[in-house]
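Its first residue numbered 1, the sequence shown is counted upward by one per residue in full-length UniProt numbering.
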Amino acid sequence: MMTHTDIQSGQAAQASAAPSAMKVSDEIAIEIENMNKWYGTFHVLRDIDLTVRRGERIVICGPSGSGKSTLIRCINALEEHQKGRITVDGTVLSSDLKNIDRIRSEVGMCFQHFNLFPHLTILENCTLAPIWVRKTPKKEAEETAMHFLRKVKIPDQANKYPGQLSGGQQQRVAIARSLCMKPRIMLFDEPTSALDPEMIKEVLDTMIELAEEGMTMLCVTHEMGFARQVANRVIFMDQGQIVEQNEPEAFFNNPKSDRTKLFLSQILGH
1 MMTHTDIQSG QAAQASAAPS AMKVSDEIAI EIENMNKWYG TFHVLRDIDL TVRRGERIVI
61 CGPSGSGKST LIRCINALEE HQKGRITVDG TVLSSDLKNI DRIRSEVGMC FQHFNLFPHL
121 TILENCTLAP IWVRKTPKKE AEETAMHFLR KVKIPDQANK YPGQLSGGQQ QRVAIARSLC
181 MKPRIMLFDE PTSALDPEMI KEVLDTMIEL AEEGMTMLCV THEMGFARQV ANRVIFMDQG
241 QIVEQNEPEA FFNNPKSDRT KLFLSQILGH
């Protein structure tokens, strides 16, 4: 039986393009400056500074409760930060709804849970936002949806309902649905953590293909094989802070922080 570690190792072995070969622009896609967030008196994010350049693929890892999911949710205002500044594609995030909508139109997001509408077909799930938000004509929206369903290799599922698909297929639909809005940046919040081990590879393959096409990506994940293969940079968070960040080879082979070393010894030891 293939283990979780085997899947990770297989992903790394199948790398078709080294991270350094994928082009990264000098243009800044996301800039976070001195960001802080509290839940009541709990200080969940502390003095976060992070610059993401166009075409970068960043993996964020860390223990549960470290703030990594909250960090990426703040980027498109799914969570509100109380201090500091977030700039996405040159637009400074504020509480103004038009400002938030502008940023969200450039940023796609996939969650641990697929959040598909169970009463809509796969095609309808993918066309809903383009038709209602972007006012895209239905025929054009359907053509775009089929294009991205082909990209994630499930065009034959277009007329089925989410409940008829496997977990891996539903997550690929969620990715296709995000791509239908033609975002410039993709955020992934533990996209494989709710999947059975044999379904993880098909979702990671889709994400790897996006990375190789130059999509700017921030991904919260514990899939270290994916991080080694795809990331330009790996960030380790703990207790609401960025403890360490480096290119994958240095991060995995020569971590500086004792806390990072402990985390890697635990997660890579399984």
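No residue lacks a Cβ here, since even glycine has one placed at the ideal position from N, Cα and C.
- For G67, the three-state secondary structure derived from DSSP is coil.
- Assignment of D96 by DSSP, reduced to helix, strand and coil, places it in the coil class.
- Residue range 28-39 is occupied by the beta strand (DSSP E) that includes A29.
- Three or more Cβ pairs closer than 8 Å define a contact, and the region 235-254 meets that threshold against the region 35-47.
- Selection K182, C74, Q170, G214 evaluated against A194 yields Q170 as nearest (Cα-Cα).
- Rounded to the nearest whole angstrom, the C-alpha separation of L149 and R104 is 21 Å.
- Rounded to whole angstroms, the separation of the alpha carbons of V230 and A211 is 7 Å.
- Secondary structure within the region 102-175: the beta strand (DSSP E) runs of 3 or more consecutive residues, fully enclosed, are 107-110 (chain order).
- Here DSSP, grouped into helix, strand and coil, assigns E198 to helix.
- Straight-line spacing of the CA atoms in E56 and G214 works out to 8 Å.
- Between the region 176-184 and the region 143-157, the count of C-beta pairs closer than 8 Å reaches three or more; the two stretches touch.
- In the three-state DSSP reduction, G84 falls in the strand class (E or B).
- No Cβ-Cβ contact shorter than 8 Å links L128 with L116.
- DSSP places T91 within a strand segment (E or B) once states are collapsed to three.
- Around K68, the same chain offers I60, G62, V220, M237 as residues with beta carbons nearer than 6 Å, after the five sequence neighbours per side are excluded.
- Note on geometry: alpha-carbon atoms of Q266 and R259 lie some 11 Å from one another.
- Taking the CA atoms as reference points, E202 sits about 8 Å from R172.
- One thing to note: K83 has its Cβ within 8 Å of the Cβ of M35.
- Scanning T70, V88, L78 for the CA closest to the CA of R53 turns up V88.
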